[in-house]
Every structure is written in C-alpha cells, then in structure tokens.
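Colleague: Dropping a structure here in structure tokens format, bear with me for questions.
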Amino acid sequence: IMLRRLLIPLTYFCLQTWLGIPQLSMMPDAFDDQYIGCAEEMDEIVSELLEKEKSMSSLFRTVWENAEKEWECVKKEISLPKGFEDEYGRAIVAYTDNDFHSELNAAVRGAGTSRAHYMASFHFKAFHYYLTRALQLLRGRCDVMYNMTVYRGVSARFQHTGSGDIRFGHFASSSIKEEVAERYSTKNLTTTPTLFTIQTCFGVKIWNFSYSPPDEEVLIPAHEIFNVTRGQDSNSFVLRSTNRTCSHFNCAYLGEERRGQPGTVTAAAGGVAPLPRDQCREGGSVADGASRAASGGPEVSHTYHVQKSQNRDLHDLRTYLQP
1 IMLRRLLIPL
11 TYFCLQTWLG
21 IPQLSMMPDA
31 FDDQYIGCAE
41 EMDEIVSELL
51 EKEKSMSSLF
61 RTVWENAEKE
71 WECVKKEISL
81 PKGFEDEYGR
91 AIVAYTDNDF
101 HSELNAAVRG
111 AGTSRAHYMA
121 SFHFKAFHYY
131 LTRALQLLRG
141 RCDVMYNMTV
151 YRGVSARFQH
161 TGSGDIRFGH
171 FASSSIKEEV
181 AERYSTKNLT
191 TTPTLFTIQT
201 CFGVKIWNFS
211 YSPPDEEVLI
221 PAHEIFNVTR
231 GQDSNSFVLR
241 STNRTCSHFN
251 CAYLGEERRG
261 QPGTVTAAAG
271 GVAPLPRDQC
281 REGGSVADGA
291 SRAASGGPEV
301 SHTYHVQKSQ
311 NRDLHDLRTY
321 LQP
C-alpha cells in the first residue's frame, strides 16, 4: 500500500512530463546572472558587445533602435535613481516590445546549462545585463511591493508537483490589473491558460517605460524565489515571494563558471563576507531593520545567492543592498 501511494504521484508526474505539460520548478537551465560585484567593469565593456549582438539579429537591432527614440521621450517624464544609465532605460522600453520579449525569454530559459553554452549560444548578453541592472536600481522596498498583488496570465497549462519553491527562470511580465493578465492568458484559444496571483519583492513597476502604459506592468526578474500553492481553480497558482533570489552564475561574461549549488553573499559589519554555499531556497539574509512586513509576508530582508567575484570592487554590491 505504501509503495502504491508513492508510485501514483510519481506516475502522474512522469505522464505530465511525457505529455509536455510545463512544470513549475527552480528552472535549473536558466541564465540567472545578477552581476554583483562587477557592474562597473561590465559597464565599461558591454557597449561594444551590444553593437556586435545587434548585428546578429535584425529584430533586436530594430527593437533597440526604436527603444532609443522612445527613451528620449520617456526619460523626460520620470524620476530615475542615481547611476541609472540610458542603456538601462532603453532595455526596459525594448523589453515591452511584444515582438521581442518572447524571443529573449526563450533564450534566457535555456542559456544557463554552462558558461560555455552561454558564451557561444546566448546572443542577448548585453541586453540581459542592461535589463537586470535596471531592475536592480529601480527595485523598491519588499514590504511595500509585497503588499501590491500582481497577476500574470499565460496561454499554457502549468503543473506543480506540490513541493519545493520555484522561480520563473526568465523575465516575467505581470500586471496590477487582473483583467490584463486574463486577456494575455486567452490569446491562444487552443490551449488551457494559467493565471498566477503573485506577491513579489523584486518586481518593478515599469509601466512608465512601456509602450503600453495602461497594462500597468510589473516586471519580475528570473532569479526571484517563490513559494507556490494552488489557486481556487485547477489552472491557477498563488506565488508568494520568499524575498530571496537564486543565481548559479555571477559575472559569467568576465569568466566566472556556473556553480552547481549557488553561493550566498551577505553584508557584514564593515564590509561584505561570503556565507557557506547552500541550496537556492536557503541561505543568509541582509536585514534592513524590520522583522516582518505588515501584511504578514516574508521577513523584510535581502538575500542574494551568487558566486562572489574575487578581487573586484564591491561598491556596486553595497549600493544594491540599500533598502
């Protein structure tokens, strides 16, 4: 009887996988670099890389050129944090181009199998850096963002085994309007849609950058970790941020290899110190003085699972850790 109880869910999971039903998981093959400790070095070299990658894709080149023009109008209307470069803003604008972000995310989901694969086959290295850096600089406090429920609708059916945390493994668009998410989820009438109700700590409101401001978009980075539970319907899920991130890569373009188990970096008195490597869903934290969000959400702390880059200036890391 005990064996039968174990075999039934295992058989169900294998059948779903065989049928091609996407599984919610930690997306181990995703490229998830957070560039902690090397942003200044990346800024110095990535513009040349951008030009090379634009020459490899007519779609990317056109989308970026259009974003350059749009950004000149957008940046006059918004307040930006210190150190926010024009390229970061252009990357957000470009991401909201409907013809582009699907191609980008398909590449992100599979580019993290190894550093060699990332270097040879991932042709959005510069864009990934710019967009990741933009979200880092624009990110607000967890206890504020967590209280703003957002929704993500996709025109595909997803499954979850019922245990373990997840991450999207790509840049995930969402909206503060449930009806917007539902509209996107029903674009393909031949598939069963999935609706995610999300409380995020690392998501960023980007509708002031967007080609479609009425969508009131919140963009969630690939590396944010969520607890997952079933929603009221069979095709819905509730995701609650753990206020933690998981990265197998850090500063990969500069030579750092993939780690099987990510490391953690946390702020310490007077500097930055590495903690022992651990599983993605675990690790230390950088407290910002509050014990818990008023909503009863996750501890208001900042945890980063990264590989520490040796002998690099960590000034940008300390800046990133500010609440």
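For the sequence shown, counting from 1, position 38 maps to 38 in the UniProt record's numbering; every step adds exactly one. C-beta: ideal position from N, C-alpha, C; glycine also.
#1: Between A294 and R115, what straight-line distance do the alpha-carbon atoms span, to the nearest angstrom?
#2: Who are the near neighbours of I78 in its chain, counting only those whose CB is closer than 8 Å to its CB and skipping five residues on each side?
#3: Where does I36 land, buried or exposed, given buried means 16+ other C-beta within 10 angstroms?
#4: Mind the definition here: the region 188-204 touches the region 217-237 only if three or more C-beta pairs lie below 8 Å; say whether that holds.
#5: Does the region 167-183 touch the region 68-88, meaning 3 or more C-beta pairs lie closer than 8 Å?
#6: Just the Cα atoms here: how many angstroms apart are D215 and G153?
#7: Along the chain, where does the alpha helix (DSSP H) that runs through S58 open and close?
#8: Assuming C251 and D86 form a contact by the criterion Cβ under 8 Å, report the distance between their Cβ atoms to the nearest whole angstrom.
#9: Taking the straight line between their C-alpha atoms, what separation do you get for R61 and K54?
#10: Express the C-alpha separation of M42 and T242 in angstroms, rounding to a whole number.
#11: Should Q232 go down as buried or exposed, given a rule of 16 or more other Cβ atoms within 10 Å for buried?
#12: Would the region 121-139 count as touching the region 87-101 if we require 3 or more Cβ pairs under 8 Å?
#13: Does the region 181-195 come close enough to the region 152-167 to have 3 or more Cβ pairs within less than 8 Å?
#14: Based on DSSP bridge pairs, tell me the residues matched to A172.
#15: Based on the DSSP output, what are the partners of Y151 in its beta bridges?
#16: Checking 8 Å against the spacing of the C-beta atoms, do R109 and A30 come in under that value?
#17: According to DSSP, R230 sits in a beta bridge with which residue or residues?
#18: At the level of alpha carbons, what is the spacing between V238 and H128?
#19: At what residues does the alpha helix (DSSP H) containing L203 begin and finish?
#20: In the DSSP assignment, what residue or residues form a beta bridge with I166?
#21: If you run the structure through DSSP and keep just helix, strand and coil, what is T242?
#22: Between the beta-carbon of A91 and the beta-carbon of Y118, is there less than 8 Å?
#23: Buried or exposed for S121, going by 16 or more other Cβ atoms inside 10 Å?
#24: If we count the other Cβ atoms within 10 Å of its Cβ and call it buried at 16 or more, is residue 324 buried or exposed?
#25: Starting from the C-beta of M27, find all residues in its chain whose C-beta is less than 8 Å away, skip the five residues before and the five after it, and write them out in chain order.
#26: Can you tell which of M148, N227, E65 has the C-alpha that lies nearest to the C-alpha of E217?
#27: Buried or exposed for Q56, going by 16 or more other Cβ atoms inside 10 Å?
#28: Considering only the alpha carbon of each residue, which of M145, Q23, Q159, S236 lies closest to A181?
#29: Identify every residue that forms a DSSP beta bridge with Q23.
#30: Which of the three DSSP states is assigned to S114 in this structure?
#31: Of all the options T113, Y95, V144, which has the alpha carbon lying nearest to the alpha carbon of R258?
#32: Is it buried or exposed, K125, if we count other Cβ atoms within 10 angstroms and call 16 or more buried?
#33: If I measure Cβ to Cβ from F100 and keep anything under 8 Å in the same chain, skipping five residues before and after, which residues do I get?
#34: Using 8 Å as the threshold, is the C-beta distance between T192 and R157 below it?
#35: Throw me the rounded Cβ distance for the I225 and R240 pair, which I believe falls under 8 Å.
Modeller: This is what the structure gives:
#1: In this prediction, A294 scores a pLDDT of 36, lower than 50, which makes its location untrustworthy; the coordinate-derived value is nonetheless stated afterwards. Going by the C-alpha atoms only, they are around 41 Å apart.
#2: N208, F209
#3: buried
#4: yes
#5: no
#6: 12 Å
#7: 58-74
#8: Between D86 and C251 the Cβ distance is about 23 Å, and since that is not below 8 Å, they are no contact.
#9: 5 Å
#10: 29 Å
#11: exposed
#12: yes
#13: yes
#14: I220
#15: S175, T197
#16: yes
#17: F237
#18: 27 Å
#19: The residue asked about is misnamed: residue 203 is Gly in this sequence, not Leu. Here G203 belongs to no alpha helix (DSSP H), and DSSP marks it neither H nor E.
#20: F226
#21: strand
#22: no
#23: exposed
#24: The structure shown does not extend to residue 324, since the chain spans only 1 to 323, so no value can be given for it.
#25: R109, I166, R167, F168, G169, H170, A222
#26: M148
#27: Per the sequence presented here, residue 56 reads as Met, with Gln not at that position. M56 comes out exposed.
#28: S236
#29: Q159
#30: coil
#31: T113
#32: buried
#33: L59, F60, V63, A94
#34: yes
#35: I225 to R240, Cβ: 10 Å. No contact.
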